[in-house]
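Engineer: From first to last, the protein sequence lines stand for chains A and B. Under the working numbering, think of the first position of the first sequence as 2, with each following residue one higher. Under the working numbering, think of the first position of the second sequence as 15, with each following residue one higher. C-beta: ideal position from N, C-alpha, C; glycine also. Right, I'll just put the structure down here and ask away after.
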Amino acid sequence: MTLEEIRRQLNLEVRTAPGKLGTRVTGGYASDLLSCVMAKAQAGFVWVTLQSHPNIVAVASLINLAGIIVTEGMAPDAATIEKAEEEGIPILTTELTTFTVVGRLFGLGVLGVDDVGVW
Amino acid sequence: MSQVTRLQELVYELKVVEVMTTKVITVTPQTTMAELREVLRQHRISGAPVLENGKLVGIVSIEDLIKALAAGEMNVAVRDRMAQEPVVLRTDDPVVLAVDYFTRYGFGRFPVVDKNGNLAGLLTQGDITHGLLKKLEVEYHEEEVRRYRASHIFEDIASDHTSVSLHYDVVAHEFEHAGEASSKIKRALNRLGFSPQIIRRAAIVVYEAEMNIIIHASEGGALVVEVRPDRIIVRAVDTGPGIPDIERAMEPGFSTAPEWVREMGFGAGMGLSNIKRCTDEMRLQSPLGVHTLLEAVIYLDQERSHGGNRGVQKGSR
Chain A
2 MTLEEIRRQL NLEVRTAPGK LGTRVTGGYA SDLLSCVMAK AQAGFVWVTL QSHPNIVAVA
62 SLINLAGIIV TEGMAPDAAT IEKAEEEGIP ILTTELTTFT VVGRLFGLGV LGVDDVGVW
Chain B
15 MSQVTRLQEL VYELKVVEVM TTKVITVTPQ TTMAELREVL RQHRISGAPV LENGKLVGIV
75 SIEDLIKALA AGEMNVAVRD RMAQEPVVLR TDDPVVLAVD YFTRYGFGRF PVVDKNGNLA
135 GLLTQGDITH GLLKKLEVEY HEEEVRRYRA SHIFEDIASD HTSVSLHYDV VAHEFEHAGE
195 ASSKIKRALN RLGFSPQIIR RAAIVVYEAE MNIIIHASEG GALVVEVRPD RIIVRAVDTG
255 PGIPDIERAM EPGFSTAPEW VREMGFGAGM GLSNIKRCTD EMRLQSPLGV HTLLEAVIYL
315 DQERSHGGNR GVQKGSR
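See below:
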């Protein structure tokens with residue numbers, strides 16, 4: 002499963018790093034608390050959150066996440082977008098809620114740390 | 015940095031002179047179309063600049079030749095068939111301008127002239143692709159060499175105790191730059207050739223320590239990463255206000271971060287326990303009202319490292 006397939010299936014809007022959508026997604030994680038993401042999300046995971054400030058890019062970049070899905074119509078500001086382009090982190094946005102996004106990801110076979118057996 | 019972004023940058027950085035072909039086959043205005051056919055065939059090219067006394071006066075292509083052939087005018091001179099005053103590129107033009115020219119004019123090649131108007135080379139789209147790939151390859155190779163050299167630092171340098179110390183300043187409450195020190199540290203460790211598992215653990219430690227300074231310190235502090243042959247030691251120092259109850263602070267979920275910080279997703283009270291989970295030794299000192307000193311150690315020896323068995327991919331998939 003690539004980010005591009007997820008983008009198509011969930012009809013997400015690509016805000017940054019369109020060149021990185023071919024990245025293979027190894028799992029998913031959802032939280033708005035950055036420390037939890039740092040602790041649990043694994044390399045190659047897609048992260049679902051409604052945070053949209055520049056620090057989400059730092060987190061994603063530090064632990065090599067495949068990309069970030071920002072939910073509920075939250076718009077990443079200019080600084081977030083600039084940083085994400087710089088670091089090559091794809092940010093995709095949607096009006097859907099985090100719950101729905103996660104549900105649909107599960108439907109596509111994207112699992113969390115509890116089920117992929119990496120934790 | 016993503017390759018796509020680097021490619022975009024290169025298109026602006028590279029000059030036409032760096033990617034153009036300098037061995038240019040030229041003809042003169044007096045050359046006949048029949049002679050031109052031989053020149054193009056012999057050199058397997060599809061066009062040539064026309065020079066008169068060293069000055070560029072036109073350009074003639076295989077299309078002009080086909081038209082002349084169809085009209086049975088192979089004895090006509092190139093002068094009468096060439097495109098006059100051709101669109102040229104200059105040696106110091108950026109490659110991005112050349113890309114734009116190819117799209118705008120639809121020509122297969124552009125003559126390149128120097129600042130005196132003399133022909134310096136010829137540029138095709140193939141030359142651009144080739145030049146960009148070559149440059150990327152050189153940069154990739156340079157990065158590989160740098161990484162190789164850096165990862166051998168402990169073998170190359172003879173001393174009784176070798177360590178590399180990296181110092182980063184962190185300014186309190188500067189959320190817009192949060193994570194920058196950690197990013198730099200991660201890149202440095204990557205260059206030093208550590209495994210992804212070690213880098214992940216170190217990245218989590220330095221990120222949480224950096225955020226603690228940004229959120230809680232009154233003025234700021236510093237992150238110092240010391241790399242030794244057998245361990246990585248992360249030290250985070252700040253200017254206060256200190257931690258009143260270290261035991262409480264260590265409890266997962268306990269946080270003193272203000273509400274607005276928590277709304278951004280920071281200050282969940284997980285920072286210190288995250289650091290503990292990722293390290294083999296952790297010490298936290300904080301005489302109240304003075305500075306806070308955090309020392310976290312990651313063993314590089316996998317046998318001794320307990321942190322390596324937790325929070326790290328086991329490859330069971």
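Are the C-beta atoms of proline 125/B and some chain A residue less than 8 Å apart?
Structural biologist: What you label residue 125/B is simply residue 111 of the second sequence in a count that begins at 1. For proline 125/B, the answer is no, since every Cβ of chain A falls outside 8 Å of its Cβ.
Engineer: Report all residues from its chain with a CB closer than 6 Å to the CB of tyrosine 26/B; omit the five preceding and five following residues, and keep chain order.
Structural biologist: Taking the first residue of the second sequence as position 1, residue 26/B is located at position 12. Here the set comprises Pro108 and Val110.
Engineer: Grab me the residues of isoleucine 82/A's own chain with a C-beta within less than 8 Å of its C-beta, minus the 5 sequence neighbours each way, in chain order.
Structural biologist: On the first sequence, position 81 is the one that residue 82/A refers to. Arg16, Thr17 and Ile92.
Engineer: CB-CB under 6 Å to glutamate 222/B, same chain, minus the five flanking residues each way: which ones, in chain order?
Structural biologist: By 1-based counting over the second sequence, the position of residue 222/B is 208. Closer than 6 Å at the Cβ level, and outside the excluded window around glutamate 222/B, lie Gly285, Asn288 and Ile289.
Engineer: Note down, in chain order, each residue of its chain lying with its Cβ closer than 7 Å to the Cβ of isoleucine 76/B, except the 5 sequence neighbours on either side.
Structural biologist: The residue given as residue 76/B occupies position 62 in the second sequence. If we look at isoleucine 76/B and ignore the five residues flanking it on each side, its Cβ neighbours are Leu54, Ser60 and Gly61.
Engineer: Please check the pair asparagine 89/B and threonine 46/B, which I expect to be a contact at CB under 8 Å, by giving their CB distance rounded to whole angstroms.
Structural biologist: On the second sequence, position 75 is the one that residue 89/B refers to. On the second sequence, position 32 is the one that residue 46/B refers to. Rounded, the Cβ-Cβ distance is 5 Å, consistent with contact.
Engineer: Which class does asparagine 89/B belong to by DSSP, given the choice of helix, strand or coil?
Structural biologist: On the second sequence, residue 89/B is found 75 positions in, with the first residue counted as 1. Note: asparagine 89/B maps to coil in three-state DSSP.
Engineer: Can you list the alpha helix (DSSP H) stretches of 4 or more residues lying completely in the region 193-226 of chain B, in chain order?
Structural biologist: Within the region 193-226 of chain B, the complete alpha helix (DSSP H) runs of at least 4 residues are 194-205.
Engineer: Answer yes or no: does any C-beta atom of chain B fall closer than 8 Å to that of alanine 40/A?
Structural biologist: Your numbering for residue 40/A matches position 39 in the first sequence. Output row for alanine 40/A: interface = yes.
Engineer: For histidine 54/A and histidine 155/B, I'd like the C-alpha separation in whole angstroms.
Structural biologist: Position 53 of the first sequence, counted from the start, is the residue given in the question as residue 54/A. Position 141 of the second sequence, counted from the start, is the residue given in the question as residue 155/B. Histidine 54/A and histidine 155/B: Cα-Cα distance of roughly 35 Å.
Engineer: Return the residues of the region 163-192 of chain B that lie within a Cβ-Cβ distance of less than 8 Å from chain A, sorted by chain order.
Structural biologist: Answer in chain order: Phe189, Glu190 and Ala192.
Engineer: Check for me: the alpha helix (DSSP H) holding aspartate 115/A runs from which residue to which?
Structural biologist: If you number the first sequence from 1, residue 115/A lands on position 114. First-last of the alpha helix (DSSP H) with aspartate 115/A: 114-117.
Engineer: Between arginine 214/B and chain A, is any beta-carbon pair separated by less than 8 Å?
Structural biologist: The residue given as residue 214/B occupies position 200 in the second sequence. Cβ-Cβ to chain A under 8 Å: yes for arginine 214/B.
Engineer: For valine 74/B, which option in His305/B, Ala85/B, Pro43/B and Asn67/B has the closest C-alpha, if you only look at C-alpha atoms?
Structural biologist: Reading the second sequence from its first residue, position 60 is the one you call residue 74/B. Looking at the Cα atoms, Pro43/B is the closest of the given residues.
Engineer: What residue does the alpha helix (DSSP H) around phenylalanine 116/B start on, and which one ends it?
Structural biologist: As a first step, residue 116/B must be located in the second sequence, where it is residue number 102. First-last of the alpha helix (DSSP H) with phenylalanine 116/B: 109-119.
Engineer: Can you tell me whether arginine 249/B is helix, strand or coil according to DSSP?
Structural biologist: For the purposes of this step, residue 249/B is identified with residue 235 of the second sequence, where counting begins at 1. Arginine 249/B: strand per DSSP, three-state reduction.
Engineer: Name, please, each residue of chain A whose Cβ falls closer than 8 Å to the Cβ of methionine 296/B.
Structural biologist: The sequence position of residue 296/B within the second sequence is 282, counting from 1. The premise fails here: methionine 296/B is roughly 15 Å from chain A at the closest Cβ pair, so nothing lies under 8 Å.
Engineer: If we count the other Cβ atoms within 10 Å of its Cβ and call it buried at 16 or more, is arginine 25/A buried or exposed?
Structural biologist: Position 24 of the first sequence holds residue 25/A. Exposed: under 16 other Cβ atoms inside 10 Å.
Engineer: Could you tell me whether the Cβ of asparagine 323/B comes closer than 8 Å to any Cβ of chain A?
Structural biologist: Numbered from its first residue, the second sequence carries residue 323/B at position 309. Only weak support exists for where asparagine 323/B lies, its pLDDT of 42 falling under 50; the value from the coordinates is given anyway. Closer than 8 Å: no.
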